[in-house]
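Numbering (our numbering), first residue to last: 7 to 126.
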């Protein structure tokens, strides 16, 4: 499940980069509210990037079919964190309607991982 380890590591790397960008380049340029939104996007991207690494390791070590969980988690990052990053920068509030789709994908991906783990 090398693909999920790679995707997870790249997302963790991007979370560090977006966190630093937010702290240094956006500080004072965004309102407190939108800085909070940016930080939430960064935090969730990091957690779920690490989740992807975990899925890759578990899938490979225990030969569990966790591919769907990995792809849904990756899409969750795109929808959840991606929409929050864009919302922070553009302040187009309709983008906030996309964010819950990512949250639902996160929940489903973690549930699928738990179900797969029961098969150990």
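Backbone N, C-alpha and C define an ideal beta-carbon position, used for all residues, glycine too.
Straight-line Cα distance separating residue j from residue i
i           : j           : result
residue 21  : residue 82  : 14 Å
residue 102 : residue 112 : 16 Å
residue 89  : residue 41  : 14 Å
residue 26  : residue 39  : 18 Å
residue 76  : residue 91  : 22 Å
residue 57  : residue 36  : 29 Å
residue 121 : residue 108 : 20 Å
residue 19  : residue 13  : 10 Å
residue 8   : residue 62  : 6 Å
Outcome for residue i when other beta-carbon atoms lying within 10 angstroms are tallied against a minimum of 16
i           : result
residue 30  : exposed
residue 54  : buried
residue 10  : buried
residue 71  : exposed
residue 24  : buried
residue 123 : exposed
residue 80  : buried
residue 99  : exposed
residue 34  : exposed
residue 105 : buried
Extent of the continuous alpha helix (DSSP H) to which residue i belongs
i           : result
residue 118 : 105-123
Proximal residues to residue i (C-beta, below 6 Å), its chain only, five neighbours per side dropped
i           : result
residue 28  : 44
residue 87  : 47, 50 and 51
residue 110 : none
Other residues of its chain near residue i: CB distance less than 7 Å, five sequence neighbours each side excluded
i           : result
residue 32  : 41 and 44
residue 114 : 78
residue 119 : 61, 72 and 75
8 Å Cβ cutoff, residue i in contact with chain D
i          : result
residue 45 : This model lacks chain D altogether; it includes just one protein chain.
Fill in: Complete runs of the alpha helix (DSSP H) confined to the stretch 17-102 [at least 4 residues]
38-68 and 73-96
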